[in-house]
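Participant:
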Amino acid sequence: MKITAPHSWQVSTAEAREIQLSLREKVSFVAGFDEVRTVAGVDVGMKGELARAAVVVLSYPGLAPLAQSVAEAPVLMPYIPGFLSFREAPAIIAACENLTIEPDLFIFDGQGVAHPRRLGIASHVGLILDKPSIGCAKSRLCGTHHEPAAEAGSYVHLYDGDDVIGAVLRTRDNVSPVYVSVGHRIDLETAIEYVLGCCKGYRLPETTRYAHRVASGEESLTEAEQPSLFDLS
Numbered sequence: 011m012k013i014t015a016p017h018s019w020q021v022s023t024a025e026a027r028e029i030q031l032s033l034r035e036k037v038s039f040v041a042g043f044d045e046v047r048t049v050a051g052v053d054v055g056m057k058g059e060l061a062r063a064a065v066v067v068l069s070y071p072g073l074a075p076l077a078q079s080v081a082e083a084p085v086l087m088p089y090i091p092g093f094l095s096f097r098e099a100p101a102i103i104a105a106c107e108n109l110t111i112e113p114d115l116f117i118f119d120g121q122g123v124a125h126p127r128r129l130g131i132a133s134h135v136g137l138i139l140d141k142p143s144i145g146c147a148k149s150r151l152c153g154t155h156h157e158p159a160a161e162a163g164s165y166v167h168l169y170d171g172d173d174v175i176g177a178v179l180r181t182r183d184n185v186s187p188v189y190v191s192v193g194h195r196i197d198l199e200t201a202i203e204y205v206l207g208c209c210k211g212y213r214l215p216e217t218t219r220y221a222h223r224v225a226s227g228e229e230s231l232t233e234a235e236q237p238s239l240f241d242l243s
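Taking the working numbering, the leading residue of the sequence shown gets 11, the next gets one more, and so forth.
(1) Count the other C-beta atoms from every protein chain shown that fall within 10 angstroms of the C-beta of G120, then say buried if there are 16 or more, exposed otherwise.
(2) For the candidate residues L33, D140, P126, whose alpha-carbon lies nearest to that of D114?
(3) Among I13, F39, G51, which has the Cα closest to the Cα of E216?
(4) Tell me whether the beta-carbon of V190 lies closer than 8 angstroms to the beta-carbon of G145.
(5) Give me the DSSP bridge partner(s) of T48.
(6) Okay, do the stretch 25-32 and the stretch 42-49 touch, 3+ Cβ pairs below 8 angstroms being the bar?
(7) Residues in the same chain with beta-carbon distance under 7 angstroms from A162, minus the five sequence neighbours each way, listed in chain order, please.
(8) Once the 5 residues before and after S149 are set aside, which same chain residues still bring their CB inside 8 angstroms of it?
(9) Where DSSP assigns a beta bridge to T154, which residues make up the other side?
(10) Whose C-beta lies closer than 7 angstroms to the C-beta of T154 among residues of the same chain, with five residues either side of it excluded?
(11) Quick test of your reading: G193 and G122, contact by CB under 8 angstroms. State the CB separation rounded to the nearest angstrom.
(12) CA-CA distance, A41 and I90?
(13) Looking only at its chain, what residues have a beta carbon closer than 6 angstroms to the beta carbon of N108, apart from the 5 residues adjacent to it on each side?
(14) Give the DSSP bridge partners of H194, in chain order.
(15) Quick check on DSSP: helix, strand or coil for S79?
(16) Which one of I175, A63, G136, V185 has the shortest CA to CA distance from A160?
(17) Just to check my reading of the structure: P75 and Y220 have Cβ atoms closer than 8 angstroms, yes? What is that Cβ distance to the nearest angstrom?
(18) Tell me the rounded alpha-carbon separation between R127 and E25.
(19) Over the uninterrupted alpha helix (DSSP H) stretch that includes I111, give me the two end residues.
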């Protein structure tokens, strides 16, 4: 994948805000795919002043690891809530460029449109990649909600005023929910379906769990974990 960002990443917070406001109008809430056979998890770890991004491609619905890519890039902006993509996206894009398999769908460990300016990392990078993407975050950045029922699969909408900006989804009985939102080229109900489809008895989807392992320093998936690239079921 050859990827060109439409703007610089080394910007002030005021410039970053304007970039977010200009790009958010381009987010698509329509599912832009017919079939998903591969899904990628995206996570980023920090090594001092470097961001280490991992993108791990899994089969779907089998969730077997097929390929991975890791890249490091300098951190250009301090941590400021609402501007995560300006810290992490350069490394993510570099990792995506080196993938040997182009995924049908991306699931990011972060927000999509459940963001004060409707452009979290899943939407921002999803737009740049022009790929269907989902934000699946461990905590809430903005919005209000009721508590979903305790059973796995239960969810309630996340609101910002009268606007539905995501869903608060229980992925396992009696555990804390995750926050799911549209990234790009997908609708919320379909995003919820795929997040649940990527869960195997844990709170977080397998996409995030694999990507976190690699972003944290695991160099490669074990040989036993890697099936044939032709076995996408």
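Yeah, the Cβ is synthetic: ideal placement off N, Cα and C, and Gly gets one too.
Facilitator: Concretely, from the data shown:
(1) buried
(2) D140
(3) G51
(4) yes
(5) S69
(6) no
(7) R180, T181, R182, D183
(8) Y189
(9) Y169
(10) Y169
(11) 4 angstroms
(12) 31 angstroms
(13) S79
(14) S143
(15) strand
(16) V185
(17) 6 angstroms
(18) 13 angstroms
(19) No alpha helix (DSSP H) holds I111; DSSP gives it neither H nor E.
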